[in-house]
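At the far end of the sequence shown sits residue 1305, using our numbering, and the numbering has no gaps.
Positions of the beta carbon are idealized from the N, C-alpha and C atoms, including for glycine.
Input: a single structure, listed below in structure tokens.
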Amino acid sequence: MSLPSDCLFCRFVSGELHTEIVGQNQRAIAFRDINPQAPLHVLVIPREHFADVAALAAADPESLADLVGLAQEVAMDEADGEYRLIFNSGPAAGQSVFHVHGHVIGGTRLGWSPA
Ligand code: AMP
Ligand code: ZN
């Protein structure tokens, strides 16, 4: 697991690096994915560093609830509240950044072929 000081997404939270924040609440922020896979592709992350969604759920369930609430808010604003929320967990599942993030995907009719 990367240390928070090495973590790209921790740097977005601290403001050390700039990203376009599209929503936030007490425990989470939302920003646009740099390589969007759909008309709506936003990442929601907790302000605190956890490697994956299971670690977040175990340590801080309220933060996970804030994360899901923020995903819903962004999707209400940008995709009529219809969206997919994806947490890749582990490299084989496609996780490349080890600060937990939910992909909020929508804005079009989505296909279903993850494998
Ligand atoms: P995952 O592969 O599930 O770990 O997702 C990581 C996501 O972070 C990918 O969809 C990347 O496109 C996205 N990403 C990587 N670097 C940045 C960045 N600098 N700003 C916004 N999104 C990024
Ligand atoms: Zn981090």
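Taking residue i as part of the alpha helix (DSSP H), name the residues at either end of that continuous run.
i, result
"Leu1275", "Segment 1273-1276 is the beta strand (DSSP E) holding Leu1275; no alpha helix (DSSP H) there."
What does the alpha-carbon distance come out to for the pair residue i and residue j?
i, j, result
"Glu1238", "Asp1270", "29 Å"
"Thr1209", "Ala1305", "30 Å"
"Met1191", "Ala1265", "Only weak support is given to the placement of Met1191: the predicted model assigns it a pLDDT of 49, under 50, and the value that follows is read from those uncertain coordinates. Going by the C-alpha atoms only, they are around 30 Å apart."
"Gly1296", "Asp1242", "22 Å"
"Asp1196", "Arg1217", "20 Å"
"Ala1247", "Ser1253", "8 Å"
"Gln1214", "Asp1256", "9 Å"
"Ala1220", "Ser1279", "19 Å"
"Leu1275", "Ala1261", "8 Å"
Taking the beta strand (DSSP E) that residue i falls in, what are its first and last residues?
i, result
"Val1258", "Per DSSP, Val1258 belongs to no beta strand (DSSP E); it is in the alpha helix (DSSP H), 1251-1269."
"Val1203", "Segment 1198-1204 is the alpha helix (DSSP H) holding Val1203; no beta strand (DSSP E) there."
"Ala1220", "1218-1222"
"Val1294", "1292-1296"
"Gly1213", "1211-1214"
Quick one, which of the options has its alpha-carbon nearest residue i's?
i, options, result
"Arg1299", "Phe1288, Ala1282, Tyr1273, His1291", "Tyr1273"
"Phe1277", "Glu1268, Met1266, Phe1288, His1293", "His1293"
"Ser1286", "Ala1249, Asp1223, Trp1302", "Asp1223"
- Which runs of the alpha helix (DSSP H) spanning at least 4 residues fall entirely within the segment 1224-1252, listed in chain order? 1243-1249
- Message: Three or more C-beta pairs under 8 Å: does that hold for the segment 1192-1208 against the segment 1235-1249?
- Response: yes
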